[in-house]
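Q: Below are the structure tokens for one structure; questions will follow.
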Amino acid sequence: MQNRYASHPKEVKAFDTARLREEFLLETLFAEDELTLYYTHVDRFIIGGALPVKGNVKLAADAASIGAATFLERREIGIINVGGQGTVTVDGEAYPMDTKDCLYIGRGARDVLFSSSDSSEPAKFYFNSTPAHTSYPTVKAAISEAAPNHLGSPATSNERTIYKYIHTGGIQSCQLVMGMTLLKTGSIWNTMPCHTHNRRSEVYFYFDMTADSTVFHFMGEPQETRHLVVRNEQGVISPSWSIHSGAGTGSYTFIWGMAGENQTFEDMDPVAMSELK
12 MQNRYASHPK EVKAFDTARL REEFLLETLF AEDELTLYYT HVDRFIIGGA
62 LPVKGNVKLA ADAASIGAAT FLERREIGII NVGGQGTVTV DGEAYPMDTK
112 DCLYIGRGAR DVLFSSSDSS EPAKFYFNST PAHTSYPTVK AAISEAAPNH
162 LGSPATSNER TIYKYIHTGG IQSCQLVMGM TLLKTGSIWN TMPCHTHNRR
212 SEVYFYFDMT ADSTVFHFMG EPQETRHLVV RNEQGVISPS WSIHSGAGTG
262 SYTFIWGMAG ENQTFEDMDP VAMSELK
């Protein structure tokens, strides 16, 4: 498990490209038959991926990092499959997962296994995990069951649909909020006009990109913006003081996860376009 520490915005102003990527970019999230984990001290998020090909991959605890006997002893997790068909087995109960299906598992589950239906087209399980103070039931939701929110327009190149999976009006959780944004063909911008939310941090995961496509992900304080070049199946940690927006050279989809003071999706601090620098 890799550690990522909280950074002060005044400090980040002096970061060069290499340091920005080291602190905020999640460059590799899938390795064959392995569990990939990043622990960020920003709201104690754990971000990770499981790519089962030849066999099962177990959601195992890193006791040195989380001080628990099992991964979900004091945590909850949201999982979205971005690959082929697979299964997540939770304490002996199997949950088949098609692409873009979401599974929430509450605090206290002990044994979680990831598997693929076809090794030639394996499942790719991306997940966000946050601390939890109580237990909620395990719930699966297909994208057709998620709450859609249509935003943007072709005129501003940001026509998109936000699908909410884990939120106050959907799958219940302690603090994790999670969903997915699909852009219409020809739209390249996400989350623009941008915002911050000083009471919550956020993590983005970009996927469904071609090998030669990139997303220029913008971060930083509104008056001191920076960017990261992000490629397929990479993620970005966004602290509460930072904007989080991006523009792609081709089509893409992204998963967002939030945690912090509240679960109110609309709790944002809008940034006027005229304020950006």
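Heads up: the sequence shown begins at 12 in our numbering, then just goes up one per residue. Glycine included, each C-beta is placed from N, C-alpha and C at the ideal position. Nothing here was measured: the structure is a model prediction, and the numbers come from that model.
Would you decide whether K111 is buried or exposed? Buried here means 16 or more other CB atoms lie within 10 Å of its CB.
A: Classification of K111: buried, given that the 10 Å Cβ count is 16 or more.
Q: Quick check: the Cα distance between S146 and A42, rounded to an integer number of angstroms?
A: Approximately 30 Å, taken between the alpha carbons.
Q: Give every residue of the same chain whose Cβ lies closer than 6 Å to the Cβ of H238, excluding the five residues on either side of it in the sequence, and list them in chain order.
A: Contacts found: F227, F229.
Q: Let's see if you can read the secondary structure: which residues bound the beta strand (DSSP E) around T100?
A: That run of the beta strand (DSSP E) goes 97-101.
Q: Does DSSP classify S18 as helix, strand or coil?
A: S18 falls in the coil class under three-state DSSP.
Q: From what residue to what residue does the alpha helix (DSSP H) around S131 run?
A: Unbroken run through S131: none, as it is neither H nor E.
Q: What are the start and end residues of each continuous beta strand (DSSP E) run of 3 or more residues lying completely inside the segment 134-212, in chain order?
A: 136-142, 150-152, 158-162, 171-177, 188-194, all fully within the segment 134-212.
Q: For V23, which three-state DSSP category applies?
A: Three-state DSSP puts V23 in a helix.
Q: Pairs of beta-carbons, one from the segment 77-92 and one from the segment 133-143, closer than 8 Å: are there three or more?
A: Because the criterion of three Cβ pairs below 8 Å is met, the segment 77-92 and the segment 133-143 touch.
Q: For L8, which residues from the same chain have a beta carbon less than 6 Å from its beta carbon, with the 5 sequence-adjacent residues on both sides left out?
A: What is shown of the chain runs 12 to 288, which leaves residue 8 out entirely.
Q: Cβ atoms of M189 and M269: under 9 Å apart, would you say?
A: Yes, the Cβ-Cβ distance between M269 and M189 is below 9 Å.
Q: Rounded to the nearest angstrom, what separates I88 and L187 at their Cα positions?
A: Each residue's alpha carbon lies about 8 Å from the other.
Q: Quick check on this structure: which residue in E232, W252, F216 has the alpha carbon closest to the alpha carbon of I58?
A: The candidate whose alpha carbon is nearest that of I58 is F216.
Q: Can you tell me where the alpha helix (DSSP H) with E87 in it begins and where it stops?
A: Element bounds for E87: not the alpha helix (DSSP H) but the beta strand (DSSP E), 86-92.
Q: Got a sec? Which residues, its chain only, sit under 7 Å from I182 by beta carbon, not counting five neighbours each side?
A: Cβ within range, chain order: Y115, V150, A152, Y176.
Q: In this structure, does DSSP put E43 in helix, strand or coil?
A: In the structure shown, E43 sits in a strand (DSSP, three-state: E or B).
Q: So I254 and V282 are supposed to be a Cβ contact under 8 Å. How far apart are they, rounded?
A: I254 to V282, Cβ: 6 Å. Contact.
Q: Which stretch, first to last residue, makes up the alpha helix (DSSP H) that contains E33?
A: From DSSP, the alpha helix (DSSP H) with E33 extends over 28-35.
Q: A258 by DSSP, collapsed to three states: which one?
A: Note: A258 maps to strand in three-state DSSP.
Q: Would you decide whether Y174 is buried or exposed? Buried here means 16 or more other CB atoms lie within 10 Å of its CB.
A: It counts as buried.
Q: Put M284 into one of helix, strand or coil per three-state DSSP.
A: Correct three-state label for M284: helix.
Q: Quickly, what does DSSP pair W267 with across the bridge? List them, please.
A: According to DSSP, which records beta bridges pairwise, W267 is partnered with G190, Y215.
Q: What are the start and end residues of the alpha helix (DSSP H) that includes A74?
A: 74-77 is the span of the alpha helix (DSSP H), which, as asked, contains A74.
Q: Near G259, which residues of its chain fall below 6 Å by C-beta distance, leaving aside the five closest residues on each side in sequence?
A: Excluding positions up to five away in sequence, the list reads I199, V226.
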